[in-house]
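Step one of this worksheet: look at the structure below.
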Amino acid sequence: MDVQNLKPTGSFKLTRVGVTGIKKPINVKRPDKVVTLTGEMDVFVDLPASQKGSHLSRNVEIISEILDRSVRQPVLCLEDLCEEICHMLLDRHEYASSSEVRISADYFLEKALDSGKKSLEGYKLIAKATAKRNEEMAIKKLIGVEVIGMTTCPCAMETVRKRLTAEHPEAAECLKTMPVVTHNQRNETTLMIEVPKGYEIEADDLIQIVEDSLSSPTYEILKRDDEAEITLRAHENPKFVEDVVRDILGKILIKYENLPDSVVVTVRSESEESIHKHNAFAERVTTLGELRK
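According to the numbering used here, the sequence shown is numbered sequentially starting from 14.
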């Protein structure tokens, strides 16, 4: 007896049913090499009110089939892989009208410090696709990154500046222009952008946009001179989380001026406060068309 096909006791449609946390190696073809990522996948389909359960083993079979093939034939990008899995989910789950796939993977880039030293830095890649069963098989793909960096608080800096000016009036002119002490925050920012059909978006570019919008990037290994340089840079460039989100949106408009107005963009930034027990958070979910207005 196929229990999944029985009529449920409660006749309600479910939006997402599937499996989460499937970990598999993914071979991705880059212009000059093949990169192996360890991907963590969540895959779902919707479930009609007339069906008791979804056939979850089909989800795992689809992922195994596609990724076993990627060992011999690397995928071009994670968002295309998500799209392919979405299509196969609807093929195998004939009762479903929509599918969704999310993949996240650790990713590393070699970054150069001001001193010339190089460091291998870690990031998170995120890819997502959704599909709806209709005549055109409507598909939406997104690619994104999670970046850890540093922000310094502008508010505390100006408060300290005012106090120092009052206590040391002889240094008032100097204090007007130089950065002064403030509290630091470890910041985690996520940037997701829709990839329309016929367009390509490089994750490396998204990482660069986020890092350029922070007070400063952070690094795994720092010697004293580099540590001093990064600390000074961050204090010369204080940012609220609101500033980070807005700066990213502005850079997106310049970098992707050729993308359609309908493209969806999500920017989410959170700073772990050092003088509070709570965090600071800002987000914008929008389209390029709304931003261009």
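We put the beta carbon where it would ideally sit given N, CA and C, even for glycine.
Starting from S83 and walking both ways along the alpha helix (DSSP H), at which residues does that stretch end? Looking at the DSSP string, the run of the alpha helix (DSSP H) that includes S83 is 69–85.
Can the beta-carbon of P273 be found less than 9 Å from the beta-carbon of M170? No, the pair does not count as a contact, with Cβ atoms beyond the cut-off.
With DSSP as the reference, please indicate the residues paired to R115 in a beta bridge. Looking at the DSSP assignment, R115 forms a beta bridge with D55, K141.
What separation, rounded to the nearest whole angstrom, lies between the Cα atoms of P209 and V158? So the alpha carbons of these two residues sit roughly 17 Å apart.
Run through DSSP, which three-state label would L126 get? Residue state, collapsed to three classes: coil.
Looking at C-beta atoms only, is the number of pairs between the region 173–181 and the region 216–230 that lie closer than 8 Å three or more? The region 173–181 and the region 216–230 do not touch, with fewer than 3 CB-CB distances between them shorter than 8 Å.
Cβ atoms of T202 and E283: under 9 Å apart, would you say? Yes; because the gap between Cβ atoms is below 9 Å, this pair is in contact.
When you compare the CB positions of S229 and A247, do they come within less than 9 Å of one another, or not? In this structure, A247 lies closer than 9 Å to S229 by Cβ.
With 9 Å as the threshold, decide whether the Cβ of E78 is near any Cβ in chain B. In the displayed structure, chain B is absent; only one protein chain is listed.
Tell me which same chain residues have a C-beta within less than 6 Å of the C-beta of M101, skipping the five on either side of it? Excluding sequence positions up to five before and after M101, its CB lies within less than 6 Å of the CB of I75, all in the same chain and listed in chain order.
Under the three-state DSSP convention, the category V298 falls into: V298: strand per DSSP, three-state reduction.
Within the continuous alpha helix (DSSP H) that includes T189, where are the two ends? It is Lys, not Thr, that sits at residue 189 in the sequence shown. Boundaries of the alpha helix (DSSP H) harbouring K189: 185–190, taken from the DSSP string.
Helix, strand or coil at S308 according to DSSP, with G and I counted as helix: Here the chain has residues from 14 to 306 only, and residue 308 is not among them.
Contacting residues, own chain, Cβ-Cβ under 7 Å from N292 (five flanking each side not counted): For N292, where only same-chain residues beyond five positions count, the Cβ hits under 7 Å are E283, S284, E285, E286.
Apply the 10 Å Cβ neighbour rule to S226 and answer buried if 16 or more other Cβ atoms are within range, or exposed otherwise. Buried, because 16 or more other Cβ atoms sit within 10 Å of the Cβ of S226.
List the endpoints of the continuous alpha helix (DSSP H) containing R176. That run of the alpha helix (DSSP H) goes 167–180.
Just to confirm, are M205 and T279 a CB contact at a threshold of 9 Å? With respect to T279, M205 sits close: the two C-beta atoms are nearer than 9 Å.
For I39 versus V56, is the C-beta distance shorter than 9 Å? No Cβ-Cβ contact shorter than 9 Å links I39 with V56.
Pair within 9 Å by beta-carbon distance, R85 and S110: Not a contact, by the Cβ cut-off of 9 Å.
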